[in-house]
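Protein chains in written order, with the working numbering: chain A, 72 to 313; chain B, 11 to 252. The beta carbon of each residue, even a glycine, is placed where N, CA and C say it ideally should be. All remarks here apply to the structure that follows.
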């Protein structure tokens, strides 16, 4: 073994070899990061609302790169793919505890009383898209046409993806801001957004707005939907207000 | 200085850099971290979210892996096996002149002897440590905050999104450095590092390790003298040339 590389001669006591003037930089850095994170939690909403528009412009310029804070849609699916449903053959079924079970085409929906809402889309995980234009038919119009039978107290929503389900009470379903939407952001609802027809439940988190709406069933008790079985609130009011 | 101190001489052989506990903590954290990055990317990046879907399963996996991420380090520092791990955490905390030197170009360095970890490694450790705290706190807020905390939740989402990119860069840098420095990567697998490497790159640490070994030897010699003054000094893992 050579003297210079393979062996070292220890000289002096341990305190002599420790380097002096060391400081607790590591824990300060960790505390600093935690403080930045806490500030982000506290002021993130303000940052989002003041910079969201500008960040969205940048995000779009970068081909839809998800820049944190941009007012971007995040497309969620619970199955392996997005259902492709031809608008021409689409039918919305309304059945269960109703006097007149319905099968509505898009033309049927467009012939009914139309409602337009300008309202944000709020996800339960904390992202939001402001000022979205929603067009369609109030769910209460559809319910009146089907004739809700006495004893029906709740609705079940079934998605065309074959897996997703949702629920509303009959009272919630009759709120004026609850739409069966066939147009969104000034265009037909795209497959990513749940087209050709989706729910839009304005006062509640996004998961309450079933995409690829296939069937609405009137029942006599609330049956928790897909995310509700994962622990999310059955009454998904935004901000938790009743 | 005890008379035994005079026996100090050369030390040979590879040096233990990470004990079993540290390696177990490192690799279990690493596996969880990679899984979190993959599942996080699927949840966050639109292209991947659409390609993979199955959001309920992926989200559950991500959330509980994230909570599990703090288990290895917590178990590591909680038991009687903590000694080496805690010693290294202290090293990460304390910054010496040599650590700040690491950020300078060679000609501007002070020449202070480098300890076990350099400034870059200490910065990475603080970044990952702080990052885990921030991601855990914001992640828990995103998933489990009461609905009335909606503004903080939105802030948490923003921070978590920024953190995704920051941690991605941090981990990519960590893996890059590990792969381009095979001795150090091997030491995280086998536990030891060649003495020649350590003497060249981390002289202050080698001096520390050898002084520590000498001290243990002294203690054993002192004890042996009491038992039997004629007995030869016992071996303690280093060969001490008298």
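For this session: Kindly indicate if chain B contains any beta-carbon less than 9 Å away from that of residue 137 of chain A.
Result: Flagged as an interface residue toward chain B: residue 137 of chain A, by a C-beta distance shorter than 9 Å.
Exercise. Considering only C-alpha positions, which residue in the set A:156, A:277, A:137 and A:166 is nearest to residue 226 of chain A?
Worked result: Sorting A:156, A:277, A:137 and A:166 by C-alpha distance to the C-alpha of residue 226 of chain A places A:166 at the top.
Exercise. Span of the alpha helix (DSSP H) holding residue 54 of chain B?
Worked result: Run containing residue 54 of chain B: 30-54, per the alpha helix (DSSP H) assignment.
Exercise. Can the beta-carbon of residue 103 of chain A be found closer than 9 Å to that of residue 135 of chain B?
Worked result: Not a contact, by the Cβ cut-off of 9 Å.
Exercise. Alpha helix (DSSP H) containing residue 69 of chain B: first to last residue?
Worked result: Bounds of the alpha helix (DSSP H) holding residue 69 of chain B are 65-78.
For this session: Look up residue 109 of chain B in the DSSP assignment and say whether it is helix, strand or coil.
Result: Residue 109 of chain B falls in the helix class under three-state DSSP.
For this session: If I'm right that residue 177 of chain A touches residue 253 of chain A with Cβ under 8 Å, what's the distance once you round it to whole angstroms?
Result: Contact between residue 177 of chain A and residue 253 of chain A holds, since their C-beta atoms are separated by about 6 Å, short of 8 Å.
For this session: May I ask you to list, following chain order, the residues of the region 97-122 of chain B that have a beta carbon less than 7 Å from some beta carbon of chain A?
Result: From the region 97-122 of chain B, only 102, 103, 104, 105, 106, 107, 108 and 122 have a Cβ closer than 7 Å to chain A.
For this session: Look up residue 80 of chain A in the DSSP assignment and say whether it is helix, strand or coil.
Result: The pLDDT assigned to residue 80 of chain A is 42, lower than 50, so where the model puts this residue is not dependable; a value taken from the coordinates is nonetheless given after this. In the structure shown, residue 80 of chain A sits in a strand (DSSP, three-state: E or B).
For this session: Identify every run of the beta strand (DSSP E) within the region 200-252 of chain A, keeping only runs that are complete inside it and at least 3 residues long; order them along the chain.
Result: DSSP runs (the beta strand (DSSP E)) wholly in the region 200-252 of chain A: 225-230 and 236-240.
For this session: Give a yes or no on whether 9 Å exceeds the smallest Cβ distance from residue 81 of chain A to chain B.
Result: Because the pLDDT of residue 81 of chain A is 43, which lies under 50, any placement of that residue in the model is unreliable, and the number read from its coordinates should be weighed accordingly. Judged by the 9 Å Cβ criterion, residue 81 of chain A is in contact with chain B.
Problem set entry | Beta carbon of residue 146 of chain A nearer than 9 Å to that of residue 138 of chain A | It is not a contact, given that the beta carbons lie outside the stated cut-off.
Exercise. So residue 233 of chain A and residue 276 of chain A are in contact, right, with Cβ under 8 Å, and what is the actual spacing, rounded?
Worked result: Going by Cβ atoms, the distance from residue 233 of chain A to residue 276 of chain A rounds to 22 Å, so no, they are not a contact pair.
Problem set entry | Residues within the region 147-170 of chain B neighbouring chain A, beta-carbon criterion of under 9 Å | Only those residues of the region 147-170 of chain B whose C-beta falls short of 9 Å from the nearest C-beta of chain A are listed: 147, 148, 151, 152, 153, 154, 155, 156, 157, 158, 159, 160, 161, 162, 163, 164, 165, 166, 167, 168, 169 and 170.
Problem set entry | Near-chain A residues of the region 40-72 of chain B (beta-carbon distance less than 7 Å), N- to C-terminal order | From the region 40-72 of chain B, only 54, 55, 56, 59, 60, 63, 64, 65, 66 and 70 have a Cβ closer than 7 Å to chain A.
For this session: Return yes when the Cβ of residue 244 of chain A is within less than 9 Å of the Cβ of residue 190 of chain A, no when it is not.
Result: Going by C-beta atoms, residue 190 of chain A is not nearer than 9 Å to residue 244 of chain A.
For this session: Could you tell me which residues DSSP pairs with residue 192 of chain A in its beta bridges?
Result: Residue pairing by DSSP places residue 192 of chain A opposite A:200 in a beta bridge.
For this session: Could you tell me whether the Cβ atoms of residue 164 of chain A and residue 174 of chain A are closer together than 9 Å?
Result: With contacts defined as CB atoms closer than 9 Å, residue 164 of chain A and residue 174 of chain A qualify as a contacting pair.
Exercise. Between residue 62 of chain B and residue 52 of chain B, what straight-line distance do the alpha-carbon atoms span, to the nearest angstrom?
Worked result: Their backbone Cα atoms lie some 7 Å apart in a straight line.
For this session: Using a threshold of 9 Å, state whether the C-beta atoms of residue 293 of chain A and residue 305 of chain A are closer than that.
Result: Contact check for residue 293 of chain A against residue 305 of chain A passes: the beta carbons are separated by less than 9 Å.
Problem set entry | chain B residues whose Cβ lies nearer than 8 Å to that of residue 142 of chain A | For residue 142 of chain A, there are no C-beta contacts with chain B under 8 Å, since the nearest C-beta of that chain is about 12 Å from it.
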